[in-house]
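Undergrad: Numbered by the working numbering, the letters in the first sequence go through residues -6 to 346 in order. Think of the CB as a built atom: it goes at the ideal place given N, C-alpha and C, for glycine as much as any other residue. Take this structure, written in structure tokens, and hold onto it; I'll ask about it next.
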Amino acid sequence: MPPLAAPLLRWYAGRGRHDLPWRQTRDPYRLWLAEIMLQQTRVESVKPYYARFLARFPNWQALASAPQDEVLALWSGLGYYARARNAQVTARIVVEQHQGRFPDTMAAATALPGIGRSTAAAVLASAYGQGQAILDANARRILIRYHAIAADPQQQRTLQTLWSLAESHTPAAAHDYNQAIQDLGALCCTPRRPLCGQCPLQNGCQARRQGSSDTLPRRREKAQKPERQVWFALIDDGTGRILLEKQPQEGIWGGLWSLPQWPRGDETAAVALQTFSRTSGLSLRHRATGPEQRHAFTHFTLHFQCIEAALQSTELRAPAQEQRWCTIAQAAERGLPAPVRRLLALFSSKRIG
DNA sequence: CATTCGTGGAT
DNA sequence: TATCCAAGAAT
-6 MPPLAAPLLR
4 WYAGRGRHDL
14 PWRQTRDPYR
24 LWLAEIMLQQ
34 TRVESVKPYY
44 ARFLARFPNW
54 QALASAPQDE
64 VLALWSGLGY
74 YARARNAQVT
84 ARIVVEQHQG
94 RFPDTMAAAT
104 ALPGIGRSTA
114 AAVLASAYGQ
124 GQAILDANAR
134 RILIRYHAIA
144 ADPQQQRTLQ
154 TLWSLAESHT
164 PAAAHDYNQA
174 IQDLGALCCT
184 PRRPLCGQCP
194 LQNGCQARRQ
204 GSSDTLPRRR
214 EKAQKPERQV
224 WFALIDDGTG
234 RILLEKQPQE
244 GIWGGLWSLP
254 QWPRGDETAA
264 VALQTFSRTS
274 GLSLRHRATG
284 PEQRHAFTHF
294 TLHFQCIEAA
304 LQSTELRAPA
314 QEQRWCTIAQ
324 AAERGLPAPV
334 RRLLALFSSK
344 RIG
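This is how it looks when you write it as structure tokens:
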């Protein structure tokens, strides 16, 4: 079987995405940050976040010493917020335990929170010229097609095989190879309708030979998504400020600021607001109820509806979560979940218009 | 080993 | 409109 690396690297030299922002540096901090942001996230989505984040936190020290709210505000909308929380923990460990230098061994790198085998390999190869193989979605798809692997890609045994193949194809200096296989996956060996006719690996590709490029990797049967229903409350204190609550660190939207929210059943908005009023200690007057909306997560669908209410009085009581009263503009500067950000933008434009 | 964790673009 | 799925890791 012809080796994979040589034609891949030739293709990369001519057709690779050499202008990506994180390819203009060998700074471990910048390379690491790119890898974290790119986890399960498209390149085009990452670009603006990467630029803003680096402008505000240009190095380990800056990130390590920042308030979490600022970090999450700059991550707001990118998703998978544990990445941002872990990134800050990692920055602090690098500063305090590694003298400000990203570790240069797999063991030390994967010991950092948010860094698994593939992310560690990518950073070590790019920053220090090591020969570590990555196995991201692109590499996985390409290897599955190249070797015509029909087994379930999620199975532990299949993953072991793929890691082994990844290592066997990866040259001793893996930087360009790692970038190349990701570019090939993004530009040519795409998930659907791969461009096999212009692929540099078409001669050695077993899926191409079998005609199975379109059906590999094997898709696994979709489990049906559960649905959750919640109310959001947009509470106006009479001076143009609204109430935000900080989400617990663990769980969905951990560490972000959100509108007060609680589970929804069959009750009307007015009844729901009474319930919330009792538990929160806020005396509220119902003003309006927004339209039903939904937000699709990977693993469930969220149905929500926003109740607009006016604050009448407050009973002195310790809130279950940290709370802030702030203007819509101030709220928009915080780390908000995407649907909450949309909700506030809509409310703000309605109020002005 | 199966779940949990976001979001937006493509199709 | 519905589905897929992306430079994965933690639990």
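On the CB-based measure, 16 or more other CB atoms within 10 Å of its CB, does P21 come out buried or exposed?
TA: Stepping through the first sequence from its first residue, residue 21 is reached at position 28. Classification for P21: buried.
Undergrad: Of the choices R317, L188, Q217, R257, whose alpha-carbon is the least far from that of F293?
TA: One-based indexing of the first sequence puts residue 293 at position 300. Closest by alpha carbon: Q217.
Undergrad: Rounded to the nearest angstrom, what separates E301 and D62 at their Cα positions?
TA: The residue given as residue 301 occupies position 308 in the first sequence. The residue given as residue 62 occupies position 69 in the first sequence. Between the C-alpha atoms of E301 and D62 there is a straight-line separation of about 26 Å.
Undergrad: Where does the unbroken beta strand (DSSP E) through D229 begin, and where does it stop?
TA: The count along the first sequence starts at 1 and reaches residue 229 at position 236. From DSSP, the beta strand (DSSP E) with D229 extends over 220 to 229.
Undergrad: Could you pull out every residue in the same chain whose Cβ sits closer than 7 Å to the Cβ of A144, ignoring the five residues on either side in sequence?
TA: Here the question's residue 144 lines up with position 151 in the first sequence. Taking C-beta separations shorter than 7 Å and ignoring five residues to either side along the sequence, the partners of A144 in its chain run T151, following chain order.
Undergrad: With K40 as the anchor, note down where its alpha helix (DSSP H) starts and where it stops.
TA: Here residue 40 refers to the residue found at position 47 when the first sequence is read from its first residue. 36 to 49 is the span of the alpha helix (DSSP H), which, as asked, contains K40.
Undergrad: Does the distance from the C-beta atom of L227 to that of F340 stay below 8 Å?
TA: If you number the first sequence from 1, residue 227 lands on position 234. If you number the first sequence from 1, residue 340 lands on position 347. Going by C-beta atoms, L227 is nearer than 8 Å to F340.
Undergrad: What's the gap between the Cα of K343 and the Cα of F225?
TA: Here residue 343 refers to the residue found at position 350 of the first sequence. Here residue 225 refers to the residue found at position 232 of the first sequence. Their backbone Cα atoms lie some 17 Å apart in a straight line.
Undergrad: Just the C-alpha distance for W246 and T18, rounded to the nearest angstrom, thanks.
TA: Walking along the first sequence from the start, residue 246 turns up at place 253. Walking along the first sequence from the start, residue 18 turns up at place 25. Each residue's Cα considered, the two are about 31 Å apart.
Undergrad: Taking the CB atoms as reference points, tell me whether G328 and W15 lie closer together than 8 Å.
TA: Here residue 328 corresponds to residue number 335 of the first sequence, with the count starting at 1. Here residue 15 corresponds to residue number 22 of the first sequence, with the count starting at 1. No, Cβ-Cβ distance for G328 and W15 is not below 8 Å.
Undergrad: On the premise that E315 lies in contact with E238, defined as a C-beta separation below 8 Å, what is that separation, rounded to the nearest angstrom?
TA: One-based indexing of the first sequence puts residue 238 at position 245. One-based indexing of the first sequence puts residue 315 at position 322. Confirmed, about 7 Å.
Undergrad: Between R317 and the rest of its own chain, which residues show a CB-CB distance below 6 Å, the 5 nearest in sequence each way excluded?
TA: Translated into positions along the first sequence, residue 317 becomes position 324. Cβ neighbours of R317 beyond the five flanking positions: L237.
Undergrad: Check whether the Cβ atoms of Q33 and V88 sit closer than 8 Å, and answer yes or no.
TA: One-based indexing of the first sequence puts residue 33 at position 40. One-based indexing of the first sequence puts residue 88 at position 95. No, the pair does not count as a contact, with Cβ atoms beyond the cut-off.
Undergrad: Classify Q172: buried if its beta carbon has 16 or more other beta carbons within 10 angstroms, exposed otherwise.
TA: Translated into positions along the first sequence, residue 172 becomes position 179. Counting Cβ neighbours within 10 Å, Q172 comes out buried, since at least 16 surround it.
Undergrad: Just to confirm before moving on: does the CB-CB distance between Y74 and L249 stay below 8 Å?
TA: For the purposes of this step, residue 74 is taken as the residue at position 81 of the first sequence. For the purposes of this step, residue 249 is taken as the residue at position 256 of the first sequence. Result yes, Cβ atoms of Y74 and L249 sit closer than 8 Å.
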